[in-house]
Amino acid sequence: MKWAWIPPRPATALLSDTFRTPGFANPSLFPPPAPSECFTVNGADYRGAQNHTSPDGRGQPCLYWNQTQKHAYNTAKYPNGEWGLGSHNACRNPDGDVQPWCYVLETEEGIYWKYCDIPSCHMPGYIGCFLDSGNPPALSGSSGTSSKLTIQVCIRYCRKRGYKFAGVEAGCACFCGSEGDLRWAQPVGAVECDQVCFGKASELCGGDGRIGVYDVSVGACQGNFSAPSGVIYSPDFPDDYGPDSNCSWVLRPPGSSAVELRFQIFEIRDPNDRLELRDGRSRRLLAQFDGHHRPGPALLLPTDVLFLSFRSDQLLHAQGFAVAYRGEWELFLRGPLARREWGLVLAALLPSGSRQHCSTLSHLRPVSLRRTCLFVQKKSGGLPGSFSSAAGPRCRCQCLGGEAWAVAYRHTGVLICSRHPRPLPGSDDETVSDCTCLCHSYENLAPSSQSSLKSLLSPS
(Lines of atoms letter the chains of each structure in order from A and count residues from 1; the text may use other names and numbers.)
(Lines give C-alpha, C1' and ligand atoms only; values in the text may rest on other atoms or scores of the structure.)
Protein backbone atom coordinates (compact mmCIF):
# COMPACT_ATOMS: atom_id res chain seq x y z
CA MET A 1 0.00 0.00 0.00
CA LYS A 2 1.27 3.45 -0.91
CA TRP A 3 0.95 5.86 2.03
CA ALA A 4 2.79 8.82 3.48
CA TRP A 5 3.29 10.05 7.03
CA ILE A 6 2.71 13.76 7.57
CA PRO A 7 3.81 15.36 10.87
CA PRO A 8 0.91 16.43 13.15
CA ARG A 9 -0.27 20.00 12.70
CA PRO A 10 -2.07 22.41 15.01
CA ALA A 11 -5.83 22.47 14.53
CA THR A 12 -7.75 25.64 13.78
CA ALA A 13 -11.37 26.53 14.48
CA LEU A 14 -13.65 26.82 11.49
CA LEU A 15 -15.06 30.30 11.10
CA SER A 16 -18.76 30.97 10.65
CA ASP A 17 -20.30 32.86 7.74
CA THR A 18 -19.22 36.31 8.89
CA PHE A 19 -17.98 39.32 6.97
CA ARG A 20 -14.59 40.89 7.41
CA THR A 21 -13.09 43.91 5.69
CA PRO A 22 -11.02 42.87 2.67
CA GLY A 23 -7.33 43.75 2.63
CA PHE A 24 -5.69 46.17 0.22
CA ALA A 25 -4.80 44.91 -3.25
CA ASN A 26 -1.27 45.09 -4.60
CA PRO A 27 -1.07 44.23 -8.34
CA SER A 28 2.67 43.55 -8.13
CA LEU A 29 2.43 41.16 -5.18
CA PHE A 30 1.97 38.12 -7.42
CA PRO A 31 3.84 38.50 -10.73
CA PRO A 32 2.78 36.35 -13.72
CA PRO A 33 4.01 32.78 -13.16
CA ALA A 34 6.47 31.01 -15.41
CA PRO A 35 5.01 28.64 -18.02
CA SER A 36 3.53 25.64 -16.25
CA GLU A 37 3.55 21.96 -17.14
CA CYS A 38 0.50 21.28 -14.96
CA PHE A 39 -3.05 22.55 -15.15
CA THR A 40 -4.51 20.61 -12.24
CA VAL A 41 -3.65 21.32 -8.62
CA ASN A 42 -2.28 17.85 -7.87
CA GLY A 43 -0.36 17.50 -11.13
CA ALA A 44 -2.40 14.52 -12.33
CA ASP A 45 -1.91 15.87 -15.86
CA TYR A 46 1.89 16.18 -15.57
CA ARG A 47 3.58 14.62 -18.61
CA GLY A 48 7.02 16.14 -18.20
CA ALA A 49 10.38 14.40 -18.15
CA GLN A 50 11.70 14.96 -14.61
CA ASN A 51 12.89 11.57 -13.36
CA HIS A 52 14.41 12.46 -9.99
CA THR A 53 12.63 13.36 -6.79
CA SER A 54 14.22 16.82 -7.01
CA PRO A 55 14.94 18.95 -10.10
CA ASP A 56 18.25 19.25 -11.98
CA GLY A 57 19.19 15.63 -11.27
CA ARG A 58 19.23 16.08 -7.51
CA GLY A 59 17.37 13.69 -5.26
CA GLN A 60 16.82 9.99 -5.80
CA PRO A 61 16.39 8.56 -9.30
CA CYS A 62 12.98 7.16 -10.15
CA LEU A 63 12.38 3.56 -11.19
CA TYR A 64 10.99 2.82 -14.63
CA TRP A 65 7.26 2.20 -14.64
CA ASN A 66 7.79 -0.95 -16.73
CA GLN A 67 10.15 -2.29 -14.04
CA THR A 68 7.88 -1.85 -11.01
CA GLN A 69 6.00 -5.14 -11.25
CA LYS A 70 5.97 -5.61 -7.47
CA HIS A 71 4.11 -2.33 -6.99
CA ALA A 72 0.51 -1.36 -7.65
CA TYR A 73 1.26 0.91 -10.63
CA ASN A 74 3.19 -0.46 -13.58
CA THR A 75 2.86 -0.84 -17.34
CA ALA A 76 1.97 -4.54 -17.09
CA LYS A 77 -1.17 -3.63 -15.17
CA TYR A 78 -1.81 -0.44 -17.18
CA PRO A 79 -0.36 -1.10 -20.66
CA ASN A 80 -2.27 1.57 -22.59
CA GLY A 81 -0.56 4.66 -21.24
CA GLU A 82 -3.10 5.32 -18.51
CA TRP A 83 -2.12 8.27 -16.31
CA GLY A 84 0.98 8.82 -18.40
CA LEU A 85 2.65 5.54 -17.42
CA GLY A 86 5.03 4.00 -19.95
CA SER A 87 8.53 2.72 -20.60
CA HIS A 88 10.09 5.67 -18.80
CA ASN A 89 10.91 6.72 -15.27
CA ALA A 90 9.39 10.21 -15.21
CA CYS A 91 7.33 11.35 -12.23
CA ARG A 92 3.59 10.80 -12.52
CA ASN A 93 0.47 10.87 -10.33
CA PRO A 94 -1.58 7.80 -11.26
CA ASP A 95 -3.50 7.57 -7.97
CA GLY A 96 -4.62 11.20 -7.63
CA ASP A 97 -2.25 12.00 -4.77
CA VAL A 98 -1.41 15.57 -3.79
CA GLN A 99 1.42 15.86 -6.35
CA PRO A 100 3.45 13.69 -8.80
CA TRP A 101 5.63 10.98 -7.32
CA CYS A 102 7.62 7.91 -8.30
CA TYR A 103 8.90 4.62 -6.94
CA VAL A 104 12.48 4.67 -5.69
CA LEU A 105 12.80 1.05 -4.45
CA GLU A 106 11.75 -2.20 -6.11
CA THR A 107 10.31 -3.69 -2.91
CA GLU A 108 7.79 -2.25 -0.47
CA GLU A 109 10.22 -2.19 2.42
CA GLY A 110 10.88 1.14 4.07
CA ILE A 111 10.28 4.30 2.04
CA TYR A 112 9.84 2.86 -1.44
CA TRP A 113 8.24 5.91 -3.11
CA LYS A 114 8.68 9.67 -2.83
CA TYR A 115 7.03 12.85 -3.98
CA CYS A 116 8.70 14.73 -6.81
CA ASP A 117 9.55 18.38 -6.33
CA ILE A 118 8.70 19.82 -9.78
CA PRO A 119 8.83 23.65 -9.83
CA SER A 120 7.21 23.82 -13.28
CA CYS A 121 4.21 21.75 -12.12
CA HIS A 122 2.05 24.52 -10.74
CA MET A 123 -1.52 25.12 -11.88
CA PRO A 124 -1.99 28.71 -13.13
CA GLY A 125 -4.57 30.35 -10.90
CA TYR A 126 -3.61 28.25 -7.87
CA ILE A 127 -1.71 30.58 -5.57
CA GLY A 128 -0.47 27.88 -3.20
CA CYS A 129 -0.83 26.21 0.17
CA PHE A 130 -0.44 28.46 3.22
CA LEU A 131 -0.33 28.15 6.99
CA ASP A 132 -3.55 29.36 8.63
CA SER A 133 -3.43 29.69 12.40
CA GLY A 134 -6.78 31.49 12.47
CA ASN A 135 -5.38 34.47 14.41
CA PRO A 136 -5.30 36.39 12.18
CA PRO A 137 -6.83 34.28 9.40
CA ALA A 138 -4.90 33.86 6.16
CA LEU A 139 -7.84 35.37 4.23
CA SER A 140 -9.79 37.99 6.15
CA GLY A 141 -12.95 38.35 4.05
CA SER A 142 -16.23 36.44 4.09
CA SER A 143 -16.14 32.81 5.15
CA GLY A 144 -18.42 29.81 5.53
CA THR A 145 -18.58 26.04 5.79
CA SER A 146 -20.35 23.44 3.69
CA SER A 147 -20.69 19.68 3.76
CA LYS A 148 -20.75 19.81 -0.06
CA LEU A 149 -17.70 22.01 -0.53
CA THR A 150 -15.70 21.80 -3.76
CA ILE A 151 -13.02 24.13 -5.04
CA GLN A 152 -15.40 25.80 -7.48
CA VAL A 153 -18.16 26.17 -4.86
CA CYS A 154 -15.75 28.28 -2.81
CA ILE A 155 -14.46 30.21 -5.85
CA ARG A 156 -17.99 31.15 -6.92
CA TYR A 157 -18.86 32.17 -3.36
CA CYS A 158 -15.92 34.60 -3.21
CA ARG A 159 -16.23 35.81 -6.81
CA LYS A 160 -19.84 36.89 -6.26
CA ARG A 161 -18.71 38.94 -3.26
CA GLY A 162 -16.02 40.78 -5.22
CA TYR A 163 -12.92 39.18 -3.72
CA LYS A 164 -9.69 38.37 -5.51
CA PHE A 165 -8.90 35.07 -3.79
CA ALA A 166 -10.77 32.04 -2.51
CA GLY A 167 -9.30 29.63 0.02
CA VAL A 168 -10.37 26.11 0.96
CA GLU A 169 -9.46 24.52 4.27
CA ALA A 170 -10.07 21.32 6.24
CA GLY A 171 -12.25 19.87 3.49
CA CYS A 172 -15.33 21.95 4.32
CA ALA A 173 -14.34 25.58 4.99
CA CYS A 174 -14.21 28.47 2.50
CA PHE A 175 -12.50 31.82 3.06
CA CYS A 176 -12.33 34.92 0.84
CA GLY A 177 -9.72 37.66 0.70
CA SER A 178 -7.58 40.07 -1.26
CA GLU A 179 -3.92 40.32 -2.18
CA GLY A 180 -3.08 42.25 0.97
CA ASP A 181 -4.17 39.28 3.07
CA LEU A 182 -1.38 37.11 1.72
CA ARG A 183 1.37 39.68 2.16
CA TRP A 184 2.48 38.07 5.38
CA ALA A 185 1.10 34.59 4.77
CA GLN A 186 3.52 31.71 5.28
CA PRO A 187 3.61 29.27 2.34
CA VAL A 188 4.02 25.57 3.06
CA GLY A 189 4.54 22.52 0.88
CA ALA A 190 1.77 21.36 -1.43
CA VAL A 191 1.67 18.00 0.36
CA GLU A 192 0.26 19.73 3.45
CA CYS A 193 -2.96 20.67 1.63
CA ASP A 194 -3.96 17.03 1.41
CA GLN A 195 -7.54 16.79 2.67
CA VAL A 196 -10.23 15.79 0.19
CA CYS A 197 -13.15 18.12 -0.38
CA PHE A 198 -16.35 17.04 1.37
CA GLY A 199 -18.27 17.62 -1.85
CA LYS A 200 -15.87 15.90 -4.27
CA ALA A 201 -13.41 13.22 -3.23
CA SER A 202 -11.20 13.75 -6.30
CA GLU A 203 -10.36 17.33 -5.23
CA LEU A 204 -8.24 18.59 -2.36
CA CYS A 205 -9.53 21.33 -0.05
CA GLY A 206 -6.59 22.40 2.10
CA GLY A 207 -5.85 20.67 5.39
CA ASP A 208 -6.00 21.17 9.15
CA GLY A 209 -4.53 24.61 9.64
CA ARG A 210 -3.58 24.73 5.96
CA ILE A 211 -5.45 26.71 3.32
CA GLY A 212 -5.28 26.21 -0.45
CA VAL A 213 -5.73 29.57 -2.20
CA TYR A 214 -7.06 30.19 -5.74
CA ASP A 215 -7.59 33.19 -7.95
CA VAL A 216 -11.34 33.61 -8.45
CA SER A 217 -10.85 33.93 -12.24
CA VAL A 218 -10.41 30.14 -12.41
CA GLY A 219 -13.54 28.66 -13.95
CA ALA A 220 -15.21 32.03 -14.64
CA CYS A 221 -17.84 32.00 -17.38
CA GLN A 222 -16.59 35.20 -19.00
CA GLY A 223 -13.58 37.45 -19.02
CA ASN A 224 -11.43 39.96 -20.89
CA PHE A 225 -7.75 39.05 -21.04
CA SER A 226 -5.20 41.73 -21.97
CA ALA A 227 -2.01 40.17 -20.60
CA PRO A 228 0.62 38.92 -23.11
CA SER A 229 -0.11 35.36 -21.97
CA GLY A 230 -2.44 33.49 -19.67
CA VAL A 231 -4.78 30.54 -19.20
CA ILE A 232 -8.52 30.20 -19.78
CA TYR A 233 -10.45 27.48 -17.99
CA SER A 234 -13.85 26.09 -18.90
CA PRO A 235 -16.74 27.21 -16.69
CA ASP A 236 -16.66 25.76 -13.15
CA PHE A 237 -13.18 24.23 -13.63
CA PRO A 238 -11.83 22.09 -11.96
CA ASP A 239 -15.39 20.84 -11.43
CA ASP A 240 -17.26 19.59 -14.49
CA TYR A 241 -18.92 22.31 -16.53
CA GLY A 242 -22.65 22.52 -15.96
CA PRO A 243 -25.70 22.18 -18.21
CA ASP A 244 -26.76 24.98 -20.56
CA SER A 245 -23.45 26.82 -20.27
CA ASN A 246 -23.13 29.91 -22.45
CA CYS A 247 -19.75 31.51 -21.80
CA SER A 248 -17.40 33.81 -23.70
CA TRP A 249 -13.91 35.25 -23.34
CA VAL A 250 -12.03 37.95 -25.29
CA LEU A 251 -8.24 37.86 -25.71
CA ARG A 252 -6.31 41.03 -26.60
CA PRO A 253 -2.59 40.32 -26.12
CA PRO A 254 -0.92 43.75 -26.46
CA GLY A 255 1.14 44.39 -29.59
CA SER A 256 0.44 40.99 -31.15
CA SER A 257 -0.71 40.12 -34.67
CA ALA A 258 -1.77 36.55 -33.86
CA VAL A 259 -2.73 34.43 -30.88
CA GLU A 260 -1.23 31.02 -30.15
CA LEU A 261 -3.38 28.57 -28.20
CA ARG A 262 -2.17 25.38 -26.52
CA PHE A 263 -4.84 23.01 -25.25
CA GLN A 264 -3.45 21.48 -22.07
CA ILE A 265 -6.74 19.78 -21.14
CA PHE A 266 -9.65 19.04 -23.44
CA GLU A 267 -12.28 16.73 -21.96
CA ILE A 268 -15.54 17.31 -23.83
CA ARG A 269 -17.66 14.24 -24.64
CA ASP A 270 -20.90 15.58 -26.05
CA PRO A 271 -20.83 16.57 -29.76
CA ASN A 272 -23.34 19.29 -28.92
CA ASP A 273 -20.98 20.93 -26.42
CA ARG A 274 -18.92 23.26 -28.59
CA LEU A 275 -15.98 25.64 -28.25
CA GLU A 276 -15.78 28.24 -31.04
CA LEU A 277 -12.85 30.50 -31.90
CA ARG A 278 -13.62 33.65 -33.87
CA ASP A 279 -11.84 36.73 -35.12
CA GLY A 280 -12.73 39.29 -32.49
CA ARG A 281 -13.15 42.07 -35.05
CA SER A 282 -15.00 40.43 -37.94
CA ARG A 283 -16.48 37.50 -35.94
CA ARG A 284 -15.30 35.19 -38.71
CA LEU A 285 -15.26 31.58 -37.50
CA LEU A 286 -11.65 30.37 -37.31
CA ALA A 287 -12.10 26.96 -35.69
CA GLN A 288 -14.55 24.97 -33.61
CA PHE A 289 -14.19 21.88 -31.46
CA ASP A 290 -16.61 19.54 -29.71
CA GLY A 291 -16.93 16.04 -28.31
CA HIS A 292 -16.20 14.48 -31.71
CA HIS A 293 -13.66 17.00 -33.02
CA ARG A 294 -10.71 17.57 -30.73
CA PRO A 295 -8.00 20.21 -31.15
CA GLY A 296 -4.36 19.40 -31.54
CA PRO A 297 -1.94 20.59 -28.88
CA ALA A 298 -1.21 23.94 -30.58
CA LEU A 299 -3.09 26.38 -32.78
CA LEU A 300 -1.92 29.72 -34.22
CA LEU A 301 -4.70 32.10 -35.25
CA PRO A 302 -4.17 35.23 -37.40
CA THR A 303 -5.96 37.86 -35.35
CA ASP A 304 -4.98 40.42 -32.74
CA VAL A 305 -8.34 40.00 -30.97
CA LEU A 306 -9.65 36.48 -30.37
CA PHE A 307 -13.19 35.70 -29.25
CA LEU A 308 -13.88 32.34 -27.59
CA SER A 309 -17.33 31.02 -26.80
CA PHE A 310 -18.45 27.77 -25.19
CA ARG A 311 -21.95 26.32 -25.11
CA SER A 312 -23.20 23.08 -23.59
CA ASP A 313 -26.49 21.22 -23.53
CA GLN A 314 -27.97 19.21 -20.67
CA LEU A 315 -26.20 15.89 -21.32
CA LEU A 316 -22.74 14.29 -20.92
CA HIS A 317 -20.84 16.91 -18.99
CA ALA A 318 -17.10 16.55 -18.42
CA GLN A 319 -14.13 18.38 -16.93
CA GLY A 320 -13.89 20.79 -19.87
CA PHE A 321 -10.70 22.47 -21.00
CA ALA A 322 -7.65 24.44 -19.98
CA VAL A 323 -6.10 26.45 -22.80
CA ALA A 324 -2.95 28.53 -22.51
CA TYR A 325 -2.62 31.54 -24.81
CA ARG A 326 0.07 34.00 -25.76
CA GLY A 327 0.39 36.80 -28.29
CA GLU A 328 2.61 36.23 -31.30
CA TRP A 329 4.54 38.70 -33.46
CA GLU A 330 6.87 36.78 -35.81
CA LEU A 331 4.17 34.80 -37.59
CA PHE A 332 6.15 33.51 -40.53
CA LEU A 333 8.53 31.56 -38.31
CA ARG A 334 5.92 29.47 -36.57
CA GLY A 335 4.22 27.22 -39.12
CA PRO A 336 0.69 27.37 -40.51
CA LEU A 337 -1.25 30.31 -39.15
CA ALA A 338 -4.70 28.82 -38.92
CA ARG A 339 -5.83 25.24 -39.08
CA ARG A 340 -8.65 23.01 -37.99
CA GLU A 341 -6.85 20.08 -36.46
CA TRP A 342 -9.65 17.69 -37.49
CA GLY A 343 -9.41 18.27 -41.22
CA LEU A 344 -8.67 21.66 -42.71
CA VAL A 345 -5.13 22.77 -43.37
CA LEU A 346 -4.43 25.65 -45.67
CA ALA A 347 -2.21 24.25 -48.44
CA ALA A 348 -0.44 25.58 -51.53
CA LEU A 349 0.01 23.85 -54.89
CA LEU A 350 3.11 24.81 -56.81
CA PRO A 351 3.32 24.01 -60.57
CA SER A 352 6.16 21.59 -61.08
CA GLY A 353 7.22 22.78 -64.53
CA SER A 354 7.42 26.50 -63.97
CA ARG A 355 10.69 28.08 -65.08
CA GLN A 356 10.05 31.65 -64.04
CA HIS A 357 10.33 33.12 -60.58
CA CYS A 358 8.40 35.76 -58.72
CA SER A 359 10.25 38.47 -56.88
CA THR A 360 8.91 38.50 -53.35
CA LEU A 361 8.44 40.72 -50.38
CA SER A 362 11.82 41.33 -48.80
CA HIS A 363 10.38 41.16 -45.28
CA LEU A 364 7.09 39.91 -43.87
CA ARG A 365 6.03 42.52 -41.38
CA PRO A 366 3.76 41.44 -38.52
CA VAL A 367 0.57 43.27 -39.47
CA SER A 368 -3.12 42.45 -39.34
CA LEU A 369 -3.76 39.62 -41.77
CA ARG A 370 -7.39 40.23 -42.62
CA ARG A 371 -6.28 42.04 -45.77
CA THR A 372 -2.69 40.94 -46.11
CA CYS A 373 -1.46 39.24 -49.28
CA LEU A 374 1.66 37.10 -49.05
CA PHE A 375 3.25 35.71 -52.20
CA VAL A 376 4.49 32.24 -53.07
CA GLN A 377 8.23 31.95 -53.48
CA LYS A 378 9.16 29.43 -56.15
CA LYS A 379 12.13 27.24 -55.41
CA SER A 380 15.27 27.21 -57.50
CA GLY A 381 17.09 24.16 -58.68
CA GLY A 382 19.97 24.83 -56.32
CA LEU A 383 20.42 23.69 -52.76
CA PRO A 384 17.45 21.99 -51.10
CA GLY A 385 15.19 24.53 -49.51
CA SER A 386 16.79 27.49 -51.29
CA PHE A 387 14.90 30.07 -53.31
CA SER A 388 15.93 31.82 -56.49
CA SER A 389 16.83 35.48 -56.24
CA ALA A 390 17.12 35.90 -60.00
CA ALA A 391 15.42 38.91 -61.51
CA GLY A 392 12.10 38.23 -63.16
CA PRO A 393 8.60 39.55 -63.59
CA ARG A 394 7.13 40.89 -60.36
CA CYS A 395 4.44 38.86 -58.70
CA ARG A 396 1.27 40.81 -59.46
CA CYS A 397 -1.43 38.44 -58.29
CA GLN A 398 -3.59 40.27 -55.79
CA CYS A 399 -6.83 39.71 -53.92
CA LEU A 400 -9.49 41.80 -55.61
CA GLY A 401 -12.94 42.32 -54.16
CA GLY A 402 -12.52 39.99 -51.20
CA GLU A 403 -10.60 39.37 -48.03
CA ALA A 404 -7.31 37.54 -48.12
CA TRP A 405 -6.15 34.76 -45.88
CA ALA A 406 -2.43 34.25 -45.59
CA VAL A 407 -0.41 31.21 -44.60
CA ALA A 408 3.26 31.56 -43.72
CA TYR A 409 5.21 28.31 -43.56
CA ARG A 410 8.74 29.30 -42.57
CA HIS A 411 10.07 31.10 -45.67
CA THR A 412 7.11 30.35 -47.91
CA GLY A 413 4.14 32.69 -48.27
CA VAL A 414 0.86 31.52 -49.80
CA LEU A 415 -1.87 33.83 -51.04
CA ILE A 416 -5.42 32.60 -50.50
CA CYS A 417 -8.23 34.80 -51.83
CA SER A 418 -11.95 34.65 -51.29
CA ARG A 419 -12.58 34.66 -55.07
CA HIS A 420 -10.65 34.05 -58.28
CA PRO A 421 -8.18 36.83 -59.14
CA ARG A 422 -8.30 38.74 -62.37
CA PRO A 423 -5.46 40.48 -64.20
CA LEU A 424 -4.66 43.95 -63.04
CA PRO A 425 -5.32 46.77 -65.54
CA GLY A 426 -2.44 47.00 -67.99
CA SER A 427 -0.98 43.62 -67.13
CA ASP A 428 -0.54 40.64 -69.41
CA ASP A 429 -1.75 37.12 -68.65
CA GLU A 430 1.77 35.70 -68.54
CA THR A 431 2.84 37.97 -65.72
CA VAL A 432 -0.29 37.23 -63.73
CA SER A 433 -0.26 33.48 -64.32
CA ASP A 434 3.37 33.35 -63.25
CA CYS A 435 2.19 33.98 -59.71
CA THR A 436 0.97 30.90 -57.92
CA CYS A 437 -2.20 31.86 -56.09
CA LEU A 438 -4.67 29.53 -54.47
CA CYS A 439 -7.84 31.56 -54.85
CA HIS A 440 -10.70 29.67 -53.30
CA SER A 441 -12.65 30.22 -50.15
CA TYR A 442 -10.80 28.65 -47.26
CA GLU A 443 -13.94 26.76 -46.21
CA ASN A 444 -13.81 24.78 -49.48
CA LEU A 445 -10.21 23.61 -49.33
CA ALA A 446 -9.69 19.86 -49.40
CA PRO A 447 -8.36 18.27 -46.21
CA SER A 448 -4.60 18.05 -46.09
CA SER A 449 -1.89 17.82 -43.49
CA GLN A 450 1.24 19.65 -42.48
CA SER A 451 3.40 16.84 -43.80
CA SER A 452 1.74 17.04 -47.20
CA LEU A 453 2.26 20.79 -47.19
CA LYS A 454 5.96 20.19 -46.63
CA SER A 455 6.10 17.72 -49.50
CA LEU A 456 4.31 20.09 -51.86
CA LEU A 457 6.87 22.78 -51.16
CA SER A 458 9.92 20.52 -51.24
CA PRO A 459 12.42 20.75 -54.12
CA SER A 460 11.89 18.33 -56.98
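So the mapping is simple: this note's numbering equals the position in the sequence shown, first residue as 1, plus 62. Note that beta-carbon positions come from the ideal geometry of N, C-alpha and C, so glycine has one too.
Residue from the options with nearest C-alpha to residue i
i             : options                           : result
aspartate 302 : Lys226, Ser195, Glu329 and Ala232 : Glu329
valine 312    : Asn286, Gly271 and Pro359         : Asn286
serine 116    : Tyr126, Leu167 and Tyr177         : Tyr177
cysteine 124  : Glu168, Pro156 and Val280         : Glu168
serine 209    : Cys183, Glu99, Gly233 and Ile217  : Gly233
valine 280    : Ala134, Trp175, Lys132 and Ile217 : Ile217
leucine 377   : Gly304, Gly119, Pro141 and Asp298 : Gly304
leucine 361   : Pro162, Val258, Ser205 and Leu348 : Leu348
alanine 247   : Ala235, Gly229 and Gln257         : Gly229
alanine 282   : Ala320, Val215, Thr207 and His354 : Val215
glycine 251   : Arg120, Pro297, Glu144 and Val160 : Val160
alanine 235   : Arg120, Asp366, Leu266 and Gln284 : Leu266
valine 321    : Asp243, Asp298 and Thr365         : Thr365
Spatial neighbours of residue i in its chain, beta-carbon cut-off 7 Å, leaving aside the 5 residues before and after
i              : result
alanine 111    : Ala152
aspartate 194  : Thr74, Ala200, Glu231, Gly271, Arg272 and Ile273
threonine 102  : Met185 and Pro300
isoleucine 327 : Phe101, Asp107, Gln381, Phe383 and Ala384
proline 357    : Phe325, Phe328, Phe351 and Glu403
glutamine 122  : His114, Thr115, Val166 and Lys176
tyrosine 225   : Pro84, Gly203, Cys238, Gly239, Ser240 and Val278
glycine 148    : Trp127 and Thr137
arginine 346   : Arg340
glycine 342    : Val312, Thr365, Val367, Leu368 and Phe369
Pairwise C-alpha distance: residue j and residue i
i                 : j              : result
asparagine 533    : isoleucine 189 : In the structure as shown, the chain begins at 63 and stops at 522. Residue 533 is therefore absent and cannot be evaluated.
isoleucine 173    : glycine 274    : 27 Å
proline 359       : aspartate 179  : 25 Å
glycine 317       : glutamate 390  : 8 Å
phenylalanine 227 : alanine 134    : 38 Å
tyrosine 140      : tryptophan 127 : 10 Å
histidine 355     : arginine 340   : 17 Å
serine 205        : glutamine 257  : 18 Å
tryptophan 163    : proline 156    : 9 Å
arginine 314      : arginine 223   : 27 Å
phenylalanine 260 : arginine 221   : 20 Å
threonine 207     : serine 319     : 46 Å
leucine 245       : valine 367     : The identity of residue 245 in the sequence shown is arginine, whereas the question assumes leucine. Each residue's alpha carbon lies about 35 Å from the other.
glutamate 144     : glycine 119    : 26 Å
asparagine 142    : aspartate 298  : 30 Å
histidine 150     : aspartate 243  : 43 Å
Expected contact under 8 Å - CB spacing of residue i and residue j to nearest Å
i            : j           : result
valine 363   : leucine 337 : Valine is not the amino acid found at residue 363; the sequence shown has leucine there. Incorrect: roughly 13 Å between the Cβ atoms, too far for contact.
tyrosine 219 : glycine 292 : Not confirmed; about 23 Å, so no contact.
6 Å Cβ shell around residue i - same chain, five flanking residues per side excluded
i              : result
alanine 289    : none
lysine 262     : Thr212
glutamate 254  : Cys191, Gly269 and Arg272
glycine 146    : Arg109 and Arg154
asparagine 334 : Asp375
arginine 331   : Gly353, Leu378 and Ala380
Close beta carbons around residue i, own chain, < 8 Å, minus the five adjacent residues each side
i             : result
glycine 158   : Asn104, Ala106 and Ser264
lysine 132    : Glu168, Thr169 and Glu170
glycine 187   : Tyr276, Asp277, Ser279, Val280, Val293 and Tyr295
alanine 138   : Asn128 and Gln131
glutamate 99  : Tyr108, Arg109, Gly110, Ile180, Ser182 and Cys183
glutamine 284 : Cys309, Ser310 and Trp311
Worksheet item: Between the region 367-379 and the region 289-308, are three or more C-beta pairs nearer than 8 Å?
Response: The region 367-379 and the region 289-308 touch, with no fewer than 3 CB-CB distances between them shorter than 8 Å.
Worksheet item: Are there three or more Cβ pairs, one per stretch, closer than 8 Å when the region 197-215 is compared with the region 228-239?
Response: yes
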